[in-house]
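Shown next, in structure tokens, is the structure this report addresses.
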């Protein structure tokens, strides 16, 4: 059963508590370790943006056993401008 992330962006601590290494996630998801670190640090400006960020966050969430929908919602709350730019593209 997937756990829910806490109200703050603390995904690295969830990963560490679950005993999962960044290397293991990179191997399973094919995401670069620098991308995974950016997600953990909430450094979303270095990611490509838009739907790519959502996809990366979903993959990361599945890898650490967190509800991916909840993590995406947290991301969207942290990055409301990204949500607007996606709506503008429709």
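Residue numbers (our numbering): 3 to 92.
Glycine is no exception: its CB is placed at the ideal position from the N, C-alpha and C atoms.
Locate the alpha helix (DSSP H) running through residue i, then write down its first and last residues.
i: residue 39; result: 35 to 42
i: residue 22; result: Element bounds for residue 22: n/a, residue is neither H nor E.
Three-state secondary structure (DSSP) at residue i?
i: residue 49; result: coil
i: residue 81; result: coil
i: residue 57; result: helix
i: residue 12; result: coil
Taking Cβ to Cβ, would you say residue i is nearer than 8 Å to residue j?
i: residue 73; j: residue 59; result: yes
i: residue 44; j: residue 80; result: yes
i: residue 36; j: residue 61; result: no
i: residue 83; j: residue 51; result: no
>> Quick test of the definition: if touching needs 3 or more C-beta pairs under 8 Å, does the region 14 to 26 touch the region 59 to 72?
In response: yes
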